[in-house]
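Engineer: Sequence positions in the sequence shown follow the UniProt record's numbering and run 1 to 228.
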Amino acid sequence: MSLEVRGLRVRRGGREVLHDVALDVPPGEITALLGANGAGKSTLVLAVAGLLPVAAGGVTADGDQLTGLRPERVRALGVAAVPEGHRVLRSLSVADNLRVAGPDPAPALAAFPELAELRDRQAGTLSGGQQQMLALAQAIAGAPRYLLVDELSFGLAPAVVARLVPALAALAEAGIGVLLIEQYTRLALELATRVHVLDRGRVALRGTPDELRGRLRSAYLGEGDGDL
């Protein structure tokens with residue numbers, strides 16, 4: 001049982017962005033998806049979450065067909081996405097953000113107890129790190145089986161990232177399968193048990209962090225891979 005992507009093709013702006021992509025996200029593990037800017041990583045997350053139409057191929061979660069479903073139905077079947085950019089309901093309070101996301105905020109607040117102290121704050125007034133916590137908490141509130149996280153560390157200070165990393169690892173330890181897109185390659189390789197590398201919309205490499213660490217080059221990851 002896993003989140004399975006098979007033969008996925010997605011078009012954006014009149015051109016095919018993903019070409020016959022296949023990957024698995026097992027439960028209880030963090031799977032890293034790496035690649036240069038424009039490789040198609042965010043497109044894959046949006047397509048799996050039902051936020052972009054799929055031209056061909058399919059996605060299943062523990063055997064449940066997700067292809068062609070609306071985002072709310074994908075979420076109801078246990079697949080939650082945290083898109084890039086700290087997307088929260090900025091005009092609502094923290095408490096209302098969690099209330100909208102799921103009936104029981106307790107697991108989310110257990111993962112991020114800081115949010116309990118901010119429950120009456122308007123989400124738009126939170127710092128970038130607090131908004132990322134809230135975005136993750138929203139996803140957790142829906143009790144997902146699988147979590148898609150696009151750029152965990154985007155725009156955040158290292159101290160904030162250091163707070164988010166153990167929370168994400170704890171979610172995997174609790175049995176949630178995590179697909180992680182992360183700009184910092186070293187961080188992704190430290191967290192993940194398996195890695196896929198996208199190059200111009202195709203899976204160019206796959207394996208364990210140890211297998212791939214010596215093979216990853218700027219041809220795949222761009223100029224920001226100096227932290228390998």
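Positions of the beta carbon are idealized from the N, C-alpha and C atoms, including for glycine. Note that the structure is a prediction, hence the values are computed from the model and not measured.
(1) Q65: buried (16+ other C-beta within 10 angstroms of its C-beta) or exposed?
(2) Rounding to the nearest angstrom, what Cα-Cα distance links P107 and A101 in this structure?
(3) Does DSSP classify I30 as helix, strand or coil?
(4) Would you call R73 buried or exposed, if buried means 16 or more other Cβ atoms sit within 10 Å of its Cβ?
(5) Would you report the Cα separation of G7 and A204, rounded to the nearest angstrom?
(6) Compute the distance between the beta-carbons of R194 and A61, then report whether it is under 8 Å.
(7) Looking at C-alpha atoms only, which residue of L77, G78, V54 and L134 is the closest neighbour of S93?
(8) Whole angstroms is fine: what's the gap from G214's alpha carbon to I140's?
(9) Can we say the stretch 146-158 touches the stretch 178-185, given the rule of at least three CB pairs closer than 8 Å?
(10) So, using beta-carbon positions, are V199 and G35 closer together than 8 Å?
(11) By a C-beta neighbour count over all protein chains shown, 10 Å radius and 16 as the cutoff for buried, is residue 231 buried or exposed?
(12) Can you check the stretch 29-66 for any alpha helix (DSSP H) of at least 4 residues that lies completely inside it and give the ranges in chain order?
(13) Quick check: what's the CA-CA separation for A169 versus G85?
(14) With DSSP collapsed to three states, give me the class of residue 239.
(15) Given L228, which residues of its chain have a CB within under 7 Å of its CB, disregarding the five upstream and five downstream residues?
(16) Can you list, in chain order, the residues of its chain with a C-beta nearer than 8 Å to that of L109? Leave out the 5 residues immediately preceding and following it.
(17) Between Q130 and F112, what straight-line distance do the alpha-carbon atoms span, to the nearest angstrom?
(18) How long is the line joining the alpha carbons of R121 and S127, rounded to whole angstroms?
Structural biologist: Taking the geometry as given:
(1) exposed
(2) 12 Å
(3) strand
(4) exposed
(5) 14 Å
(6) no
(7) L134
(8) 34 Å
(9) yes
(10) Contrary to the premise, residue 199 reads as Asp rather than Val in this sequence. Yes, Cβ-Cβ distance for D199 and G35 is below 8 Å.
(11) This structure cannot settle anything about residue 231, because the visible part of the chain is limited to 1 through 228.
(12) 41-48
(13) 21 Å
(14) Here the chain comprises residues numbered 1 to 228, so residue 239 is not present and cannot be evaluated.
(15) With a pLDDT of 48 at L228, under the threshold of 50, the modelled position of that residue is not reliable, and no figure is offered here.
(16) L98, L115, A116 and A137
(17) 10 Å
(18) 11 Å
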